[in-house]
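Colleague: Throughout the sequence shown, residue numbering follows my numbering, covering 54 to 279 in sequence.
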Amino acid sequence: RLYVHSPDADYQAKLAYMRTTLETADIDKAVFLCIDQLTIYAHPSVSCAYGKQQPLAKQGWQSNKTMRVMGALNLLTGKVDYFIRNKISVATIYCFYQELVNTYPNKQIYIILDNWPMHYHPDLLVALQTQDCPFKHRVPASWKDLKPTKKYANKNLPIKLLPLPTYASWLNVIEKLWKKLKQELLHMHPYKDQFEQLKQHVKTWLDKYTTHENHDDLRKYVGLFN
């Protein structure tokens, strides 16, 4: 079987720091979220399927358009929040953070996330409260002298980032949400040349988990704790 493990020298230390942070937080005043991004393609992906005739992942004649989904999964409730955009930029992430603050007013928000450099862009970090994570963020060398713009300064969003070990996607629970989305909708989908229709189906699917009605089912699927 294929196998890979994180090469991060701080793998265990990061897990310990994350665990301590979550265990010592005031659960009545805190929210714990996993966030991630997913690229969705107009042309269907191939997967195991069954039918009276051989199932085909028909690719269509139009270009393989993409959309990007940025999602947040609440570790305690299973609630999902999401943005769908053509691309994810600093402005997109900032707006998503602002939406999370509005969704969870008067809460300290802890965000578990991967090491995509965009998460640690100076414009985003300056918009958040002071970060006290002891681990250095991995960013492009070209950002060494990059100064944050005034647009995002002094926002003081009540968000603290908890970076996962490098290349350790199995530790990010929201990956299971993406897996479920792919299995139930994206693999072998029939909307090859109907991109807007596919987008609407994605929204409808995600909307199921933005309200309390289906939270328990999702919590069981991804293995969230009580």
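All residues carry an ideal CB built from backbone N, CA and C; glycine is no exception.
For Thr156, tell me which candidate among Ala78, Pro108, Asn127, Ala66 has the shortest Cα-Cα distance.
Modeller: In the sequence shown, the residue the question calls residue 156 occupies position 103. Nearest C-alpha to Thr156: Asn127.
Colleague: Does the distance from the CB of Leu215 to the CB of Thr119 come in under 8 Å?
Modeller: As a working mapping, residue 215 is identified with position 162 in the sequence shown. As a working mapping, residue 119 is identified with position 66 in the sequence shown. Not a contact, by the Cβ cut-off of 8 Å.
Colleague: Could you round the C-beta distance between Ala83 and Tyr150 to whole angstroms and report it? I think they count as a contact, below 8 Å.
Modeller: Looking up residue 83 in the sequence shown gives position 30. Looking up residue 150 in the sequence shown gives position 97. Ala83 to Tyr150, Cβ: 16 Å. No contact.
Colleague: Tell me which residues share the same chain as Ser116 and place their Cβ nearer than 7 Å to its Cβ, disregarding the 5 neighbours each side in the sequence.
Modeller: In the sequence shown, counting from the first residue as 1, residue 116 sits at position 63. None.
Colleague: My guess is that Gln107 and Ile141 are in contact by the Cβ rule of under 8 Å, so how many angstroms apart are they, rounded?
Modeller: Counted from its first residue, the sequence shown places residue 107 at position 54. Counted from its first residue, the sequence shown places residue 141 at position 88. Contact flag wrong, Cβ pair sits at about 36 Å.
Colleague: Hey, how far is the Cα of Ser59 from the Cα of Tyr220?
Modeller: Counting from 1 along the sequence shown, the entry for residue 59 is found at position 6. Counting from 1 along the sequence shown, the entry for residue 220 is found at position 167. Whole-angstrom Cα-Cα distance: 5 Å.
Colleague: Mind checking who His240 pairs with in its DSSP beta bridge?
Modeller: Taking the first residue of the sequence shown as position 1, residue 240 is located at position 187. Paired residues: Ser98.
Colleague: What does a CB cutoff of less than 7 Å around Thr202 pick up in its chain, not counting 5 residues either side in sequence?
Modeller: By 1-based counting over the sequence shown, the position of residue 202 is 149. Counting only Cβ-Cβ distances below 7 Å, and skipping sequence neighbours, we find Asp176.
Colleague: Grouping DSSP H, G and I as helix and E and B as strand, with all else coil, what is Lys292?
Modeller: Nothing can be reported for residue 292, as the shown portion of the chain is limited to 54 through 279.
Colleague: May I ask you to verify whether the stretch 93-113 touches the stretch 228-244, counting CB pairs closer than 8 Å and requiring at least 3?
Modeller: Verdict: yes, contact present.
Colleague: Considering only residues of the same chain and omitting the five flanking positions on each side of Ser100, which have a CB-CB separation below 7 Å?
Modeller: Position 47 of the sequence shown, counted from the start, is the residue given in the question as residue 100. The residues are His240, Met241.
Colleague: If we ignore side chains and look at the alpha-carbon of each, how far apart do Val57 and Asp63 end up?
Modeller: As a working note, residue 57 is residue 4 in the sequence shown. As a working note, residue 63 is residue 10 in the sequence shown. Cα to Cα, Val57 sits roughly 16 Å from Asp63.
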